[in-house]
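Residue numbers (my numbering), protein chains in the order written: chain P, 1 to 382; chain F, 1001 to 1382; chain Z, 2001 to 2382; chain R, 3001 to 3382.
Following this line, the structure appears as structure tokens:
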């Protein structure tokens, strides 16, 4: 019998329970959940058969033997909560964005490093088996020199003026939206795969739905489209529904990213294509188990995820044999597997195999440049 | 805090751990695991952070407060183990095939019904969200009168003479192979969706690899292809690599199923198409989140799984919002969610929303007719 | 300047004009067209800018310098027209089926061989570039030993009781329908690719629309679905809407074919998959420029038609560079290119690179066995 | 019998013969061909069974009864040849780009208008049936307000330093390459569909293969990849292999285009997605018969080209019934069908249903802005 690992989860909305399950799949004890209200926490605790609904972060941190804390609260709470968790000496896994601005993010990174705790930013897309495999392919030179990195992350859940979510309120979600919410995932994923970082950006933003109807009672994320409109107040929207961004990378690659939350029929389409001097890779999050490997002088490949055909890194992230579907929820398990391995090993490894606060800060810094570029309508160096 | 549910799992190979995780995701305590040897059970218990590795079924059944037992041992052990579990008064979830022959299966069904326990056969394909949705579409008349039900379940993991698995040995796996292992899933799934049962069959079997090299040490399922051949013995194979089966259904539909375990490049391709007088449905297990809905007089639809567009039944089985990938492992969670709801309700419901031993027996009966038809090269009535 | 080749075309419906264009693309002069009535021929002649509308086959055959005749009239006219064309000493290209029964077909083959003319049956599917390439792949051993050949040809244009076409009348179209119209294409194509001929069949037929409404005025093929129902007479339908057929091949392969003309959303879906001991091929007629090449021990390939990646045979049939769409109409051009090359060479080559009357007779013979098998509900040897 | 229409074609490379065939399919007499040398013209004339190989443009223009001239010579010859054809009073169809610079293009447009001839620029992509249908869908409001127009046109035929073509030489092809060759098609097509014109651009160019090996003997377009390298000279390349361009449109839409001729595995991938306030459209040139119509509140559609489901405009461009493949070559036929209808009607219609020189000039003007933007690394107003 192994020693117990104990985790508590903050957030009783859509993503908190995803963390709970992922932890349990690893045999990590989840002690309880903290919500936006005691009622919501109690409801989730009952649904998830969790022992406790915490009334406060203080109560949560007082849990005996607690190893780590997962933070999935609204964005504006990330920084203060992370600080408190670090102060309590617990390891911490935080949803992205790490903070509401880069300065706050950098402070959290410094604090976490000083405390010697294990810290992670929840860039879960890296943990689809084919994301791991793509990185291996690029790193071993399978594409040759990388020329072009481009793609899009598009959704439709905020298409209508009646679609509402706390992410639309700058005080709660930040003053960028589509880029920060979903663009950041694309940027992290392509950097993870190619090893190239963005150095210059030129962005164009648009807000196609400039006024929205905010409901007078709260709605859960993604649930909005199932509800009928009732009583609303009109709210002017400043954050971007859409962005396209020209990209230059430190390794010489060029690229382009389009993000939108008003693209009808696109539910959660995070797609990249990478063209190199030798071959290409293309993948999207609506067919996570397929990767296209493009060739000039022989037939292109369409690889269905298959552990027996993959490199060790890809194989390690696979949850099932070839042809058995991998799922969104498993990426969380795979991420935490690596985080808790670091925890059991006593602290952050020299070369983490999971995204840390440093990656969270990087994403914030890129975001600053993108925002400035869109405001000033010019190229900006990161 | 809810009352504890406790389950134990038999089987430390590929699928046993999948049961363990699915139970944990539901907040059901997994007390331990029983393997083919104490060593394999201990290894799995450590990997899964499970409290116990049982030495015997007796020890497992003596676990205090145990609610239910999951059986994923090789096929020939299903019937004797199920009997012992029923005798101990525990609820039981058994992998398919329920037994090595129909008579045994019928006996198990009778015993389970007499004992009043909750019994389930692990036909997990029913629990992809789009399987549930397909059933809803057909049941509400969305296809009109069902004309044709056809498809295939094809794989490549037994392509080579050096591929070996216990399923190739009739004493352990049964005297049908491809039909029983994978054809049964297709037959159960299309019956679940259409509500039509097969009444007549005409089958053709082939064994394309008539002699195989059996390794002298055991290999885990699906792991074979990663290993180099070493020392083998030659074994003559009698069970079918391939079958095609003409089908007639009690509701008037006609159809055809092809199964193969020697189809290069097909990893786990379970595909059906259903054509009705109004519309069509097509789905396959390598793109679980997409269903094609064919129309004559308007554009056909390609529905990406999206809870907000689905019926209540489909939505209930969805693990994530639209565009977020569902996974093979979640189908087990969804199945057990319904089984344990029945357990908590005190016993089997009048109309179970999960596959029971009756479904397991049905599959065995169809299998008998298929086998006889292939042997006698003629149509056989079920 | 080369010597003139002159052709005349019989049939002013959907497919006759396709022959006209294909001939013109090759620089072959089309002298005129013969229709079911002089009016229909005149209408088509004007639309196609053709010099003549013939009033009769006699007039057509009297055309000075005429090289060859293309027959696309309704099926029951094929045999008498072919006989007359042969008697006139012209080369002949006939749409399939070659005749209404095998005996007639055999007579035509004998007559054509005695006359020394070039004769062709219009199995145009062979001339998609990827059909040619598939044949090359199989013939050079790219799949290893062929195990399984299966697929389907499904359409929806006869789904409704108000859908009508002369093919539904046994006197005009023959006493098999779906199998003869479209199944014959699939059978010819897979035989062309694999070189294996069917030796035994076991078929199941169904007529899902047993009574249809025949309009009192004639409709062009495929045009039916655009018209509103008007005045109809009820006609009992005996020919099959649907068939599934178990297949055994002379090279040891097994297989299965499903055909249907009542499959909503399937417009013209002719799909095959061939699995061998080494690799697999899959293709369908709704994505003619893509072929899937399945592998067990490496990533499968998705080859987009690209002359620069193809064998000489495949490249010769390609109409455009990689990524430029090939079309249905080009298959006719490619077929006739080979037929007229034979004509210019003075007569049929020893090994024709196009389908001859012998292929037309083969298709009729297989059809006989399939029909008998469906009637007697048993396996039949070809 | 209708009056004869006679056309002559300039260009004996890849695209000239495509014009020849398209004309013949329409029953238009092709009098002969003019090549870069008399030899190449004679070779093509023989292959195509054409009556004449012209020795000069003068000889070609002296052809009795000549109706129109098709120009497919290298880009630098377009303007002088068009002028000469206009001066001879013939109608003219010119490949894009219309000229080497905007001033020349404008002059040609003025001359053509003054002469009253029918003039066309060969933007053939508009004539895939689903391009026509997409325009209809947008024009009738099927997408609602258009928000986003984005996509890419990517190829791999210039990937390697040994790939060579006259388009790489600014004197022959112009001082932009990827944008002018293929980007212009994308820009014309999306403008045709949406009716929105680009007003501002911000572009980033890259030349990933800065030095190429020019063979000492000439190669045909697209044929390069089949040849082994022999004797080369090193040539510095200034024109872009890659461009990404941010776009603003006069109707309020935003967008982004990526073009590349160094994208391994992409043979000729011209893809757009258009998102509106109501629905979306997505299409690409490697699957010309499929269009995805995205929806938020119901299942998205995947429409296979089917005349019976399409608007009159889409149906008119369809060459075959649903499920029968349309081809690249048919788009030329469809374009010329409309051009020659205008010719027969006596001159350009008030609202041409084909692309004219005005569209050719528009494309040059957008190109100027894109080039300037890339050079100055800033937004430029068109």
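Even glycine gets a Cβ: it sits at the ideal position worked out from N, Cα and C.
Computed from a predicted model, the values in this text were never measured in an experiment.
- For residue 48/P, the chain F residues whose Cβ falls inside 8 Å of its Cβ are 1027, in order along the chain.
- One alpha carbon belongs to residue 3351/R, the other to residue 254/P, and they sit about 41 Å apart.
- The alpha-carbon separation between residue 94/P and residue 1086/F amounts to approximately 46 Å.
- Around residue 246/P, the same chain offers 202 and 256 as residues with beta carbons nearer than 6 Å, after the five sequence neighbours per side are excluded.
- Taken through DSSP and simplified to helix, strand or coil, residue 190/P comes out as helix.
- Looking at the DSSP output, residue 1146/F bridges to 1276/F.
- By the C-beta density criterion, residue 2110/Z is exposed, having fewer than 16 other C-beta atoms within 10 angstroms.
- DSSP places residue 176/P in no alpha helix (DSSP H); its state is neither H nor E.
- If you look at residue 3006/R, you'll find it isn't in any alpha helix (DSSP H); it sits in the beta strand (DSSP E) that goes 3006 to 3010.
- Relative to residue 3098/R, the option among 3139/R, 3188/R, 3248/R and 3347/R whose CA is nearest is 3188/R.
- Sequence-distant Cβ neighbours of residue 1004/F in its own chain, meaning closer than 8 Å and more than five residues away, are 1029 and 1065.
- One Cα belongs to residue 3329/R, the other to residue 2325/Z, and the distance between them is close to 8 Å.
- Counted as a single uninterrupted DSSP element, the alpha helix (DSSP H) harbouring residue 1366/F occupies residues 1357 to 1376.
- Checking the DSSP bridge columns, you'll see residue 2300/Z has no partner listed.
- Membership of residue 2211/Z in any alpha helix (DSSP H) is not indicated; the residue belongs instead to the beta strand (DSSP E) covering 2211 to 2215.
- Take the alpha-carbon of residue 1075/F and the one of residue 1172/F: they are about 6 Å apart.
- Residue 1051/F and residue 1045/F have their alpha carbons spaced roughly 7 Å apart.
- In the displayed model, residue 3124/R falls within a helix according to three-state DSSP.
- With 16 or more other CB atoms across the displayed protein chains lying within 10 angstroms of its CB, residue 3280/R is buried.
- Between residue 151/P and residue 273/P, the C-beta spacing is below 8 Å.
- Between residue 1016/F and residue 1072/F, the beta carbon gap of about 5 Å places them in contact (Cβ cut-off 8 Å).
- Here DSSP, grouped into helix, strand and coil, assigns residue 1337/F to helix.
- Put simply, the CB of residue 3202/R is near chain P, with a gap under 8 Å to one of its CB atoms.
- Sixteen is the threshold: since fewer than 16 other Cβ atoms of the shown chains lie within 10 Å of the Cβ of residue 2234/Z, the residue is exposed.
- If you ignore the 5 residues before and after residue 2313/Z, its C-beta comes within less than 6 Å of the C-beta of 2132 and 2136, all in its own chain and listed in chain order.
- Fewer than three beta-carbon pairs drawn from the region 3158 to 3168 of chain R and the region 3315 to 3324 of chain R are found closer than 8 Å, and the two stretches are therefore not classed as touching.
- Taking 8 Å as the threshold, the shortest C-beta distance from residue 1040/F to chain Z does not fall below it.
- Close to chain F, meaning a Cβ-Cβ distance shorter than 7 Å, is no residue of the region 2122 to 2139 of chain Z at all.
- Straight-line spacing of the CA atoms in residue 1053/F and residue 1062/F works out to 13 Å.
- By the Cβ neighbour-count rule, residue 1058/F is exposed, with fewer than 16 other Cβ atoms within 10 Å of its own.
- Assignment of residue 2354/Z by DSSP, reduced to helix, strand and coil, places it in the coil class.
- Taken atom to atom, the span from the alpha-carbon of residue 25/P to that of residue 376/P is near 47 Å.
- Of 3149/R, 3239/R and 3365/R, the smallest CA-CA separation from residue 3170/R is found for 3239/R.
- Under DSSP, the beta-bridge partners assigned to residue 151/P are 257/P and 272/P.
- DSSP links residue 3294/R through a beta bridge to 3280/R.
- 3108/R is the residue among 3348/R, 3039/R and 3108/R whose C-alpha sits nearest the C-alpha of residue 3096/R.
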